[in-house]
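Undergrad: Residue 2 is where the sequence shown starts when you use this note's numbering, and the numbers rise one by one after that.
Beta carbons: idealized from backbone N, C-alpha and C, even for Gly.
Before I ask anything, here is the structure I am working with.
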Amino acid sequence: MLSELGEIKSDMVKHSDIETIVTSIVTEIMKVHKEEFDKRLNEIEEKNDKIKGHLQEQIDGLSMENEVLREKLAEKNKQIMEQKTTISDAMRIAQEAQVRSNYNEQYSRKSNIKIYGMKEEKKEDTPEEVIRMLSDVANVVLREDEIVAAHRIPGRAGQNRPILLKVKNTSVKSRIMKKRSVVKKLVHGLRLADDVTKLNSSLIDCLNAHDSIESAWYFNGNIYGKAVNGDRRIKFDIYDDIPKKVHNKA
Numbered sequence: 002m003l004s005e006l007g008e009i010k011s012d013m014v015k016h017s018d019i020e021t022i023v024t025s026i027v028t029e030i031m032k033v034h035k036e037e038f039d040k041r042l043n044e045i046e047e048k049n050d051k052i053k054g055h056l057q058e059q060i061d062g063l064s065m066e067n068e069v070l071r072e073k074l075a076e077k078n079k080q081i082m083e084q085k086t087t088i089s090d091a092m093r094i095a096q097e098a099q100v101r102s103n104y105n106e107q108y109s110r111k112s113n114i115k116i117y118g119m120k121e122e123k124k125e126d127t128p129e130e131v132i133r134m135l136s137d138v139a140n141v142v143l144r145e146d147e148i149v150a151a152h153r154i155p156g157r158a159g160q161n162r163p164i165l166l167k168v169k170n171t172s173v174k175s176r177i178m179k180k181r182s183v184v185k186k187l188v189h190g191l192r193l194a195d196d197v198t199k200l201n202s203s204l205i206d207c208l209n210a211h212d213s214i215e216s217a218w219y220f221n222g223n224i225y226g227k228a229v230n231g232d233r234r235i236k237f238d239i240y241d242d243i244p245k246k247v248h249n250k251a
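If you want it as structure tokens, here you go:
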């Protein structure tokens, strides 16, 4: 019996030793794993720090590039605005110059009359023919010394070329133009007209085609229009905003 107990005790010691050995082994394994884990963790953290540092450098670089681009864009916008201002000023100056040029050209024609539909003869004495026509048709006496020039100008193909008549002054012109309705009524196709510049003629066409304008005409160097349902004449220039001007004059 005692011998059996001794054997059991001996076996128990052995189990204890095994437990100690196992615990030691497990502890050593865990230690090795922990060291390996810590090493890997440190490597990962170092790698992560490097990546973060590299990304931060890229972000800083992009931020700097973005700031440079923002400054360049601001400078370009400034240049564009300056160019727009320059272009706007240039257009305004050009328009003002064209308005003055058109006015001067029209003023130089203030004593001119265009005669349409007058039969053209070979080797005609145009001033003499004009004097005769005005006398016969309109009962207007026009002296030779009141004529500065009278000659044919280009016209439509197949038709009598118009005559450009330049008289001594506006008083003589007025005397003739008072008979324009008589001339138009008595002789089919024959008419007297003011010598209007191309720009003013285009303005009259635009006004007559506009919904807000009832009629448009030339008078004494200027262009006028009468608004629909209006009772006043409105003076227009070649660059006027027609609807705006009609509204302001209403």
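Classify N249 as buried or exposed, calling it buried when 16 or more other Cβ atoms lie within 10 Å of its own Cβ.
TA: Its Cβ having fewer than 16 others within 10 Å, N249 is exposed.
Undergrad: Does DSSP put A158 in a helix, in a strand, or in coil?
TA: Of the three classes helix, strand and coil, the one that applies to A158 here is coil, per DSSP.
Undergrad: In three-state DSSP terms, what is E125?
TA: In this structure, E125 counts as coil in the three-state DSSP scheme.
Undergrad: Report the CB separation of E147 from V168 in whole angstroms; it is logged as a contact under 8 Å.
TA: Yes, they are in contact, since the Cβ atoms of E147 and V168 sit about 6 Å apart, within 8 Å.
Undergrad: Is the beta carbon of V173 less than 8 Å from the beta carbon of V138?
TA: The answer is no: Cβ separation not under 8 Å.
Undergrad: What do you reckon, are the CB atoms on I235 and V247 nearer than 8 Å?
TA: Going by C-beta atoms, I235 is nearer than 8 Å to V247.
Undergrad: According to the neighbour-count rule (16 or more other Cβ atoms, all chains shown, within 10 Å of its Cβ), is A150 buried or exposed?
TA: Label assigned to A150: exposed.
Undergrad: Give the C-beta separation of L193 and R181 to the nearest angstrom, bearing in mind that I take them to be a contact with Cβ-Cβ under 8 Å.
TA: The pair is a contact, with the Cβ atoms about 4 Å apart (cut-off 8 Å).
Undergrad: Can you grab the Cα-Cα spacing for the pair H152 / K115, in whole Å?
TA: When rounded, the distance between both Cα atoms is 10 Å.
Undergrad: Should P163 go down as buried or exposed, given a rule of 16 or more other Cβ atoms within 10 Å for buried?
TA: P163 should be labelled buried.
Undergrad: Quick check on Y225: does DSSP put it in helix, strand or coil?
TA: Of the three classes helix, strand and coil, the one that applies to Y225 here is strand, per DSSP.
Undergrad: Run through DSSP, which three-state label would H152 get?
TA: Here H152 sits in strand by DSSP.
Undergrad: Spatial neighbours of N223 within its chain, please: CB distance less than 6 Å, with the 5 preceding and 5 following residues excluded, ordered by chain position.
TA: Closer than 6 Å at the Cβ level, and outside the excluded window around N223, lie K236.
Undergrad: Under three-state DSSP, which class holds L187?
TA: Helix.
Undergrad: When the Cα atoms are used, what is the spatial distance from E72 to M82?
TA: Answer to the nearest angstrom: the Cα atoms are 15 Å apart.
Undergrad: Cα separation between V14 and I22?
TA: Caution applies to V14, whose pLDDT of 49 falls short of 50 and renders its modelled position unreliable; the value that the coordinates give is listed next. Roughly 12 Å between the two C-alpha positions.
Undergrad: State whether the region 93-105 contacts the region 120-140, with contact taken as three or more CB pairs (one from each stretch) at a distance under 8 Å.
TA: With the cut-off at 8 Å, the region 93-105 and the region 120-140 do not touch.
Undergrad: So, using beta-carbon positions, are V229 and I177 closer together than 8 Å?
TA: Result no, Cβ atoms of V229 and I177 do not sit closer than 8 Å.
Undergrad: Is E58 close to chain D, meaning its C-beta is less than 8 Å from at least one C-beta of that chain?
TA: Included in the structure is just one protein chain, with no chain D present.
Undergrad: Note down the Cα distance separating P244 from S203, rounded to an integer number of angstroms.
TA: Between P244 and S203, the C-alpha separation is close to 17 Å.
Undergrad: Could you pull out every unbroken beta strand (DSSP E) segment of at least 3 residues lying fully inside the region 172-221, listed in chain order?
TA: Whole beta strand (DSSP E) segments, 3+ residues: 192-195, 214-220.
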